[in-house]
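Peer 1: Residues 769 to 1270 in this note's numbering are what the sequence shown spells out, letter by letter.
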Amino acid sequence: MATSTSVTTYGNYVDGQWKPSASGKTFENRNPANTDDLIGIFQSSNRKDVEEALDAAKRAYETWRLVPAPIRAEMLYRVAQMIAERKEPFSRDMTREMGKVLNETRGDVQEAIDMTFYMAGEGRRMFGQTVPSELRNKFAMSVRQPLGVCSIITPWNFPMAIPSWKIIPALVCGNTVVFKPASQTPLSALNFVKVLEEAGIPKGVVNMVTGDGDEVGTPLSSSETVRVVSFTGSTKVGRIVNQAAAPTFKKVHLEMGGKNVIMIMDDADLELAVDGCLWGGFGTTGQRCTAASRVVVHEKVHDKFVEAFVARAKTLVVGDGLDDNSQVGPSISQAQLDTVLKYVEIGKKEGATVACGGNRLNDGPHATGFFHEPTVFTNVDPTMRIAQEEIFGPVVSVMKCRSLEEAIAIGNGVEYGLSAAIYTQDINRAFVAMRDLYTGIFYINAPTIGAEVHLPFGGTKNTGNGHREAGVAALEVFSEWKSCYIDFSGKLQRAQIDVEQI
Ligand code: UN1
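(1) Are phenylalanine 754 and glutamine 1104 touching if we call contact CB-CB under 9 Å?
(2) By a C-beta neighbour count over all protein chains shown, 10 Å radius and 16 as the cutoff for buried, is histidine 1134 buried or exposed?
(3) Since threonine 803 is in the beta strand (DSSP E), which residue starts that stretch and which ends it?
(4) Would threonine 993 pass as a contact of leucine 822 if the rule is Cβ separation under 9 Å?
(5) I need the straight-line Cα distance from serine 812 to tryptophan 786, nearest angstrom please.
(6) Would you mind sorting lysine 1004 into buried or exposed? The rule is 16 or more other CB atoms within 10 Å of its CB.
(7) How is lysine 826 classed by DSSP in three states: helix, strand or coil?
(8) How big is the Cα-Cα spacing for leucine 1186 and glycine 1234?
(9) Hey, how far is the Cα of isoleucine 1270 from the Cα of serine 910?
(10) Could you say if the segment 898-915 and the segment 1243-1259 meet the contact criterion of at least three C-beta pairs nearer than 8 Å?
(11) Just to confirm, does alanine 1241 get its C-beta within under 8 Å of one of the non-hydrogen atoms of ligand 1?
(12) Excluding the 5 residues preceding and the 5 following glycine 972 in the sequence, name in chain order all residues of the same chain whose CB lies nearer than 7 Å to its CB.
(13) Report yes or no: do three or more beta-carbon pairs, one from the segment 1255-1268 and one from the segment 1199-1213, lie closer than 8 Å?
(14) Going by Cα to Cα distance, which pick from Met1167, Val997, Gly1025 is closest to histidine 1066?
(15) Hey, quick one: how far does the beta strand (DSSP E) through leucine 870 stretch, first residue to last?
(16) Go ahead and pull the three-state DSSP assignment for valine 917.
(17) Given this structure, state the Cα-to-Cα distance separating methionine 769 from asparagine 802, to the nearest angstrom.
(18) Name the DSSP bridge partner or partners of leucine 1022?
(19) So, under 8 Å CB-CB, isoleucine 1176 and alanine 1201 are touching, yes? Tell me the CB distance rounded to an integer number of Å.
(20) Quick one: using the 10 Å Cβ neighbour count with 16 as the cut-off for buried, is valine 836 buried or exposed?
(21) Would you report the Cα separation of cysteine 918 and isoleucine 807, rounded to the nearest angstrom?
(22) Tell me the rounded alpha-carbon separation between proline 987 and glycine 1054.
(23) So, with DSSP's three-state summary, where would you put leucine 988?
(24) Quick one: what's got a C-beta closer than 8 Å to serine 859's C-beta in the same chain, skipping five residues either side?
(25) Starting from the C-beta of valine 797, find all residues in its chain whose C-beta is less than 7 Å away, skip the five residues before and the five after it, and write them out in chain order.
(26) Measure the beta-carbon distance from serine 976 to tyrosine 781 and round it to whole angstroms, keeping in mind my assumption that it falls under 8 Å.
(27) Could you tell me which of Ile930, Gly985, Asp805 sits nearest to asparagine 814, measuring between CA atoms?
(28) Assess contact between the segment 1177-1184 and the segment 1004-1016, defined as three or more Cβ pairs (one per stretch) separated by less than 8 Å. Is contact present?
(29) At what residues does the alpha helix (DSSP H) containing asparagine 1196 begin and finish?
(30) Which of helix, strand or coil does DSSP assign to histidine 1134?
(31) Are the CB atoms of alanine 1060 and threonine 1216 within a distance shorter than 9 Å?
(32) DSSP three-state label for glutamine 785, please.
(33) If you drop the 5 nearest sequence neighbours on each side, which residues of the same chain put their C-beta closer than 6 Å to that of tyrosine 778?
(34) Helix, strand or coil for histidine 1235 per DSSP?
(35) Please classify threonine 771 as buried or exposed, where buried requires at least 16 neighbouring CB atoms within 10 angstroms.
(36) Any heavy atom of ligand 1 inside 8 Å of the beta-carbon of cysteine 1045?
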């Protein structure tokens, strides 16, 4: 156990310098599996720090935007390699501060490596269009141009992957960045930024300012200097970010809540579906935007599925993610655990049945962490709050349906639209569901989690605001089109007017 005397104090990273906040204040980063374990002290930054970082990013933009994209990308290839070399210590740091089990933090770091390699490749692509002009001796094309300073505001559930989804495409496109990581997972953010520094990204191009939403997030969303805000977090905070950004017409990319559904048809491979629901519902302790918090099962196989699912959920080992036996880690914080406890009570009051779980774990190895049993509710009506609202914890609501159409209606009957899945052996049903679920991501015979970096990631309705990250879609967030016309005729040629008649 670390004691306060051996604990490191970490700085902000501004204009190539690691430095304390102007506020003189700091906050603690503690292990959610063991709150006696103090991981580090981080800066509680204020608006002055943000301003300084934004100024540095603005200055650095003037030179970074002119570095050829393939050269920017060379640095990013180096970044990817360095993260790969440090994957194990980075994963351990991440489990210690975030709680998810080691195999999952390894996946998180891997996702950052994948994204960085993928986006570095864009340095030699970043395709635009060349099209024929309607006039003779005239050339027409479009190119991507960077926008300037980007604010990057990230959550704690994917402490390295999500920052990479935003920062790396921002950089390859030629933008500069001020990064506010979640206060629960600043060490993984710092590990990532240190690699960017060591890989030779010039000073001011990437800046990191830790601290809370009011003092850091608000100016990052409203400042005139900022041209893009990319935010992942709750729908409630996303709305605040959007409003703060609106008066200055900056581009806002929002990735918010989810209430994702797995639909299980009567012809499904039930064993496979149980595996999928366990991983989708309880992986990352249910703390994914893509978590499968709703399962809709055809009435013909409902009881059989529930029996198998509940039996398996009861066997899941909840514990410290650094312990190889653990399958489900803690909630990130007391507040998050309180939300889980609150929704379990709401579910009971609404008349749903607790088929397993339902309790906090706080004895023995669980005494100093935010642990909760994997919990399955059955007899859930689709209108109940536990079937409508995002819980972000190890709680799955199981509902019954009589047909594919009803399953689709239940699936679509929430305010969110991130991810959905169907288990069926019938290709016709699979394609109907794929077409009719209004979500940004869809899976057939796989759970709602598991997006890969080279396809767009994001959702519909209250999950997002029309943008996508990952894949080439990310370039749309971090670049703007410029259409260029080059007239080499030596005379005035008027489009739409001086066009040759045939
Ligand atoms: C999130 O849920 O916040 O598809 C991100 C997945 C991961 C990313 C999840 N690759 O579940």
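We put the beta carbon where it would ideally sit given N, CA and C, even for glycine.
If you're wondering where the values come from, they're calculated on a predicted model, not measured in any experiment.
Peer 2: Based on what the coordinates show:
(1) The requested residue 754 is not part of the displayed model; the chain covers only 769 to 1270.
(2) Taking the first residue of the sequence shown as 1, we reach residue 1134 at position 366. With 16 or more Cβ atoms within 10 Å of its Cβ, histidine 1134 is classed as buried.
(3) For the purposes of this step, residue 803 is taken as the residue at position 35 of the sequence shown. 802-811 is the span of the beta strand (DSSP E), which, as asked, contains threonine 803.
(4) Position 225 of the sequence shown holds residue 993. Position 54 of the sequence shown holds residue 822. Contact flag set, yes.
(5) Position 44 of the sequence shown holds residue 812. Position 18 of the sequence shown holds residue 786. Roughly 14 Å separates the two Cα atoms.
(6) The count along the sequence shown starts at 1 and reaches residue 1004 at position 236. Burial call: exposed.
(7) Counting from one through the sequence shown, the residue named residue 826 turns up at place 58. Here lysine 826 sits in helix by DSSP.
(8) Against the sequence shown, residue 1186 aligns to sequence position 418. Against the sequence shown, residue 1234 aligns to sequence position 466. Between leucine 1186 and glycine 1234, the C-alpha separation is close to 12 Å.
(9) Taking the first residue of the sequence shown as position 1, residue 1270 is located at position 502. Taking the first residue of the sequence shown as position 1, residue 910 is located at position 142. Taking the Cα positions, isoleucine 1270 is about 28 Å away from serine 910.
(10) Three or more Cβ pairs closer than 8 Å define a contact, and the segment 898-915 meets that threshold against the segment 1243-1259.
(11) As a working mapping, residue 1241 is identified with position 473 in the sequence shown. Checking every heavy atom of ligand 1 against the Cβ of alanine 1241, none is found closer than 8 Å.
(12) To locate residue 972, count along the sequence shown from 1; it is residue 204. Contacts found: Asp783, Gly784, Ala824, Ala825, Arg827, Ala828, Thr944.
(13) Three or more Cβ pairs closer than 8 Å define a contact, and the segment 1255-1268 falls short of that threshold against the segment 1199-1213.
(14) Mapped onto the sequence shown, residue 1066 falls at position 298. The shortest C-alpha separation from histidine 1066 is found at Met1167.
(15) For this step, residue 870 is matched to residue 102 along the sequence shown. Careful: leucine 870 lies outside any beta strand (DSSP E), inside the alpha helix (DSSP H) at 870-890.
(16) By 1-based counting over the sequence shown, the position of residue 917 is 149. Three-state result, valine 917: strand.
(17) The residue you call residue 769 lines up with position 1 of the sequence shown. The residue you call residue 802 lines up with position 34 of the sequence shown. At methionine 769, the pLDDT of 43 sits below 50, so the modelled position is not reliable; the number obtained from the coordinates is stated separately. Each residue's Cα considered, the two are about 9 Å apart.
(18) Against the sequence shown, residue 1022 aligns to sequence position 254. As DSSP reads the structure, leucine 1022 sits in a beta bridge with Phe999.
(19) Within the sequence shown, the letter at position 408 stands for residue 1176. Within the sequence shown, the letter at position 433 stands for residue 1201. The C-beta distance from isoleucine 1176 to alanine 1201 rounds to 6 Å, short enough to meet the 8 Å contact threshold.
(20) Here residue 836 is taken as the residue at index 68 of the sequence shown, counted from 1. The sequence shown places proline at residue 836, rather than the valine named in the question. By the neighbour-count rule (16 or more Cβ atoms within 10 Å), proline 836 is not buried but exposed.
(21) By 1-based counting over the sequence shown, the position of residue 918 is 150. By 1-based counting over the sequence shown, the position of residue 807 is 39. In this structure, the straight-line span from the alpha carbon of cysteine 918 to that of isoleucine 807 is close to 29 Å.
(22) Along the sequence shown, read from residue 1 onward, the residue named residue 987 stands at position 219. Along the sequence shown, read from residue 1 onward, the residue named residue 1054 stands at position 286. Cα to Cα, proline 987 sits roughly 31 Å from glycine 1054.
(23) Here residue 988 corresponds to residue number 220 of the sequence shown, with the count starting at 1. Note: leucine 988 maps to helix in three-state DSSP.
(24) For the purposes of this step, residue 859 is identified with residue 91 of the sequence shown, where counting begins at 1. Non-local beta-carbon contacts of serine 859 in its own chain, meaning distances under 8 Å to residues more than five positions away in sequence, involve Leu870, Thr873, Arg874, Asp876, Val877 in chain order.
(25) Residue 797 sits at position 29 when you count from the first residue of the sequence shown. Note that residue 797 is asparagine in the sequence shown, not valine. Cβ neighbours of asparagine 797 beyond the five flanking positions: Ile807, Gly808, Phe810, Glu865, Pro954, Leu955.
(26) The count along the sequence shown starts at 1 and reaches residue 976 at position 208. The count along the sequence shown starts at 1 and reaches residue 781 at position 13. Rather than serine, the amino acid found at residue 976 in this sequence is methionine. Methionine 976 to tyrosine 781, Cβ: 4 Å. Contact.
(27) Along the sequence shown, read from residue 1 onward, the residue named residue 814 stands at position 46. In this structure, Gly985 is the residue among Ile930, Gly985, Asp805 with its C-alpha nearest to the C-alpha of asparagine 814.
(28) Too few Cβ pairs lie closer than 8 Å, so no.
(29) The count along the sequence shown starts at 1 and reaches residue 1196 at position 428. Boundaries of the alpha helix (DSSP H) around asparagine 1196: 1195-1204.
(30) Residue mapping note: residue 1134 aligns to position 366 of the sequence shown, counting from 1. In the structure shown, histidine 1134 sits in a helix (DSSP, three-state: H, G or I).
(31) Within the sequence shown, numbered from 1, the residue matching residue 1216 stands at position 448. Within the sequence shown, numbered from 1, the residue matching residue 1060 stands at position 292. It is a contact, given that the beta carbons lie within the stated cut-off.
(32) Taking the sequence shown and counting its residues from 1, one reaches residue 785 at position 17. DSSP, reduced to helix, strand and coil, places glutamine 785 within a strand of the structure shown.
(33) The count along the sequence shown starts at 1 and reaches residue 778 at position 10. Hits under 6 Å: Gly808, Phe810, Leu958.
(34) Residue numbering aside, residue 1235 sits at position 467 when the sequence shown is read from its first letter. Looking at histidine 1235 - three-state DSSP - the assignment turns out to be coil, as it is neither helix nor strand.
(35) Taking the sequence shown and counting its residues from 1, the one referred to as residue 771 is at position 3. Its pLDDT being 47, under 50, threonine 771 is placed unreliably by the model, and the measurement read from it follows with that caveat. Burial call: exposed.
(36) Here the question's residue 1045 lines up with position 277 in the sequence shown. Incorrect: cysteine 1045 has no Cβ contact closer than 8 Å to ligand 1.
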